[in-house]
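Participant: Residue numbering for the sequence shown follows our numbering, beginning at 27 and increasing consecutively. My questions all concern the structure below.
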Amino acid sequence: MAEATKPNPQTNDPDVPKTRKAFVPLENNPEVMTSLVHKLGLSHALSFHDVYSITDPDMLAFVPRPAAALLLVFPVSTSYETSRMDEDKEKPEYEGKGEGEPVVWYKQTIRNACGLIGILHALSNGLATNFIEVEWSMLIFDDGGTVEPDSDLHKLVKDAIPLAPAQRADLLYNSQALESAHQSAATQGDSAAPGAEDNIDLHYVCFVKDEKSNLWELDGRRKGPLNRGALGVDEDVLSEKALELGVKKFLAREEAAGGGELRFSVIALAQSLD
């Protein structure tokens, strides 16, 4: 099994038309992503970390456990597109909403924003939801009343949960707080950022574990969230079984197709080290 390696930090969203809003793609960089989520309102107790190996226990040991979510960056190859369309063709469009959803899923309608969508999937589900901060800033009015406004992230997730996917996508599309935080993060990083309208050949998906220990693949390009199987209560998204059900299937598909596209990278959301 080939190892996941750090690719050129770009993303690809060919299903989102160029007439729609477009974002400068986020660099595949844990520091950039951590800056973004802390700006939105995630507790500094969590950060993103590079996963340098998915098979070497010594390398995996550098990532704090349990990992709350994984972001996989991968090439949008012919073999992937064929697999995606074959799996999705018989599926109905997802219409889930509300507190009864097993996971919160976001449909992507902003071009070149799959990195941001992946991050929102990581923050809106599983362990990370326990670390979304609320800003308890007190405002005093003439009548003596007060309000306690939410952090941008807390308000965004709270507002998204009762909405159907189309309305949820509009919420993200029209969020000035989200756009501002993304623009700030997109100017950071170690490499020159591509343009917002560029055609990019890499894509992000997110893997999370729900309250019932199911592993979910979350991708705004798909018809909805994908349940990839059950995990043990003590198994996180970096466990051997989770990797077999998720990340390693992406690698195996490319190897079976000839192994020419192996620009993979994995980033974990987990406890901060400082």
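Heads up, the beta-carbon is just placed ideally off N, CA and C, and yes, glycines get one too.
1) Alpha carbon to alpha carbon, how far is L197 from H75?
2) Write down the C-beta distance between S298 and H70 rounded to the nearest angstrom, noting that I regard them as a contact closer than 8 Å.
3) Looking at P188: is its Cβ nearer than 8 Å to the Cβ of G124?
4) Helix or strand or just coil, what does DSSP make of P83?
5) Going by the beta-carbon positions, is the gap between A87 and F233 smaller than 8 Å?
6) Is it the case that the Cβ atoms of K117 and G246 are separated by a distance below 8 Å?
7) With three or more beta-carbon pairs closer than 8 Å as the criterion, would you say the segment 126 to 146 touches the segment 44 to 63?
8) Please list the segments of the alpha helix (DSSP H) lying wholly inside the segment 180 to 245, counting only runs of 4 or more residues, in order along the chain.
9) So, at 6 Å on beta carbons, what are the nonlocal neighbours of A276 in its own chain, with the 5 sequence-adjacent residues on each side left out?
10) Let me make sure I understand the geometry here. Which of A278, E266, A282 has the alpha-carbon closest to that of A93?
11) Identify which residue in V263, L271, G284 has its Cα closest to the Cα of V77.
12) Return the residue from the list L241, E119, L252, K115 that minimises the CA-CA distance to G258.
13) Does Q134 pass the burial test, meaning 16 or more other C-beta atoms within 10 Å, or should it be called exposed?
14) Classify D76 as helix, strand or coil using the three-state DSSP reduction.
15) Which residues in the same chain as G272 place their Cβ atom closer than 8 Å to its Cβ, once the five residues preceding and following it in sequence are excluded?
16) Report back the beta-carbon spacing between S103 and E280 to the nearest angstrom; my notes put them in contact at under 8 Å.
17) Beta carbon of L62, beta carbon of A207: below 8 Å?
18) Pull up the distance between the alpha-carbon of D16 and that of D176, whole angstroms please.
Facilitator: According to the structure data:
1) The residue given as residue 197 occupies position 171 in the sequence shown. The residue given as residue 75 occupies position 49 in the sequence shown. Distance between the alpha carbons of L197 and H75 is about 28 Å.
2) What you label residue 298 is simply residue 272 of the sequence shown in a count that begins at 1. What you label residue 70 is simply residue 44 of the sequence shown in a count that begins at 1. Yes, they are in contact, since the Cβ atoms of S298 and H70 sit about 6 Å apart, within 8 Å.
3) In the sequence shown, counting from the first residue as 1, residue 188 sits at position 162. In the sequence shown, counting from the first residue as 1, residue 124 sits at position 98. Yes. Within cutoff.
4) The sequence position of residue 83 within the sequence shown is 57, counting from 1. Looking at P83 - three-state DSSP - the assignment turns out to be helix.
5) Counting from one through the sequence shown, the residue named residue 87 turns up at place 61. Counting from one through the sequence shown, the residue named residue 233 turns up at place 207. No, they are not a contact pair.
6) For the purposes of this step, residue 117 is identified with residue 91 of the sequence shown, where counting begins at 1. For the purposes of this step, residue 246 is identified with residue 220 of the sequence shown, where counting begins at 1. No, the Cβ-Cβ distance between K117 and G246 is not below 8 Å.
7) yes
8) 191 to 199, 202 to 212
9) Indexing the sequence shown from 1 puts residue 276 at position 250. Residue 276 is actually Phe in this sequence, not Ala. These residues qualify, in order along the chain: F100.
10) In the sequence shown, residue 93 corresponds to position 67, counting from 1. The option with the nearest alpha carbon to A93 is E266.
11) The sequence position of residue 77 within the sequence shown is 51, counting from 1. Of V263, L271, G284, the residue nearest in Cα terms is V263.
12) Residue mapping note: residue 258 aligns to position 232 of the sequence shown, counting from 1. Comparing Cα positions, the closest option is L241.
13) Start at 1 with the first residue of the sequence shown, and residue 134 comes out as number 108. Buried: at least 16 other Cβ atoms inside 10 Å.
14) Working through the sequence shown from its first residue, we reach residue 76 at position 50. It is a strand residue.
15) The residue you call residue 272 lines up with position 246 of the sequence shown. Excluding sequence neighbours, G272 sits near L96, L98, F233, L241, E243, R254, V263.
16) If you number the sequence shown from 1, residue 103 lands on position 77. If you number the sequence shown from 1, residue 280 lands on position 254. Right, their Cβ atoms sit about 6 Å apart.
17) Within the sequence shown, the letter at position 36 stands for residue 62. Within the sequence shown, the letter at position 181 stands for residue 207. Against a cut-off of 8 Å, the Cβ pair of A207 and L62 comes out as a contact.
18) The requested residue 16 does not occur in the structure, where the chain is confined to residues 27 to 300.
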